[in-house]
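In the working numbering, the protein residues as written are 1 to 251. Ideal placement from N, C-alpha and C gives every residue a C-beta, glycine not left out. None of the values given here were measured: they were computed from a predicted structure. Take a look at the structure below.
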Amino acid sequence: MNIKRQKNFIDDGRSSDINLKEYFDVIKRRAWIIVVLMLLTTSAGIAYTHFNNTLLYQTSTRIILETEDEDMNTLMVMIKDPIIMDEVKKQLNLEISDEELASKITVDRLDESQVVLISVTDTNPERAANIANSTAQVYKKKIGDILSFEEVQLLSEAKLNPMPINENQSRNLVAAAVFGLIVGVGIVFLLDTLDGTIRSRHEIEEYLDIPVIGSVSTMNRRNTITNKKKKQSSNLEARGEKIDIKQNQTS
C-alpha cells in the first residue's frame, strides 16, 4: 500500500488517488497492535482512576436568618467561626483542625432571601450529612450567646447523598481507550510506511508501470496433498460412461 501512496503523492501530487480500501487493509493487517494498545491504555486509565481519584460527597441543610440585609453577611460569616467549628468537632468526635473542618463547609444565600444554605463536602457521605446538621444546630445555639441573635430557624436537615459529585471514571476510561486507538492507528500507518514489502499484483503494476501476466501460488504440503487426491479421484467421461482414470490405467 505504501508504494502506491508514495507514487501518488511524490510523482503525481494528487491526494484524490488515495484508495480508502488500502487504508482499511493496512489497519486490518495490523489490527492486533491497535487492540493491544487500547487494552493497555484502558487498563492504565482504570488504575489511575482507582488510585488517584478520591470520591467526594456533598449534602446541605437550610436555615432561615430573620434579619435585615446589612446584618446577613455577618451572620453568615459566623457559621464557620472557630467557636462553632470547635463545638461541632466535639459533638462528632472529629480529629481535625478548625480550619480543615471549615474548608469542608460552604455557606450561600439563596436569591437574596433569608434562606441560607450550609453545604458540606467530604469523602464520607454520612459524615458530610452529620457535619451539616451539627453545624446548623450548634450555630443556632451559639449565635444567641455571641451576638444575642435568636431569629434562627432550621428549615431542612441534610440527608445522606450516596452519589459522588466528582464521579468521572467513565469519561476517564473512554478518553484512555480513544487515546489508545489514535496511537495504535498512528503506529500501524507508520509501520506500513516503513515497510517496503510488495503484497499484491496491483502494487507491482503501480510501481513498475507494467502489466502482470501471471503469478505463482504459495505451495505447501497441505495444498500438494489436496491437489494429488483430486487428480486420483477425477473421472473421465467417454461414450456416455464415466471411467476412473486410476482404474483405466491399471487395466
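Item                                                                                       : Value
As assigned by DSSP and simplified to three states, the class of Leu20                     : helix
Own chain, CB closer than 6 Å to His50, minus 5 neighbours either side, in chain order     : none
Start-to-end residues for the beta strand (DSSP E) that takes in Thr59                     : Tyr57 to Leu65
For Leu74, the three-state DSSP class (helix, strand or coil)                              : Position check: residue 74 holds Thr in this sequence, whereas Leu was assumed. Thr74: helix per DSSP, three-state reduction.
CB of Val132 within 8 Å of CB of Ile118, strictly                                          : Residue identity differs from the one stated: residue 132 is Ala in this sequence, not Val. Their beta carbons are under 8 Å apart, which means Ala132 touches Ile118 by this criterion.
CB of Ile79 within 8 Å of CB of Val107, strictly                                           : yes
Proximity of Ile64 and Val138 at Cβ, strictly below 8 Å                                    : no
Three-state secondary structure (DSSP) of Gln153                                           : strand
Cβ shell of Leu20 (< 6 Å), same chain only, five flanking positions each side left out     : none
Bounding residues of the beta strand (DSSP E) (the contiguous stretch that carries Leu117) : Val115 to Asp122
Opposing strand residues paired with Arg109 [DSSP bridges]                                 : Val116
8 Å contact criterion, which Val115 and Met76 should meet: CB distance rounded             : That pair is no contact at about 11 Å.
Beta-carbon proximity list for Glu126, same chain, < 6 Å, skipping 5 on both sides         : Leu160
Straight-line gap, Asp122 to Glu68 (C-alpha atoms, nearest Å)                              : 32 Å
Among Ala128, Ala44 and Lys104, nearest to Thr59 - alpha-carbon criterion                  : Ala128
Residues near Leu191 by beta carbon distance below 7 Å, same chain, minus five either side : Arg30
Beta-carbon proximity of Thr42 to Gly184, cut-off 8 Å                                      : no
Burial state of Leu147 (16 or more Cβ within 10 Å)                                         : exposed
Neighbour-count burial assignment, Ser134, 16 or more Cβ in a 10 Å radius                  : buried
Thr49 in three-state terms, based on DSSP                                                  : helix
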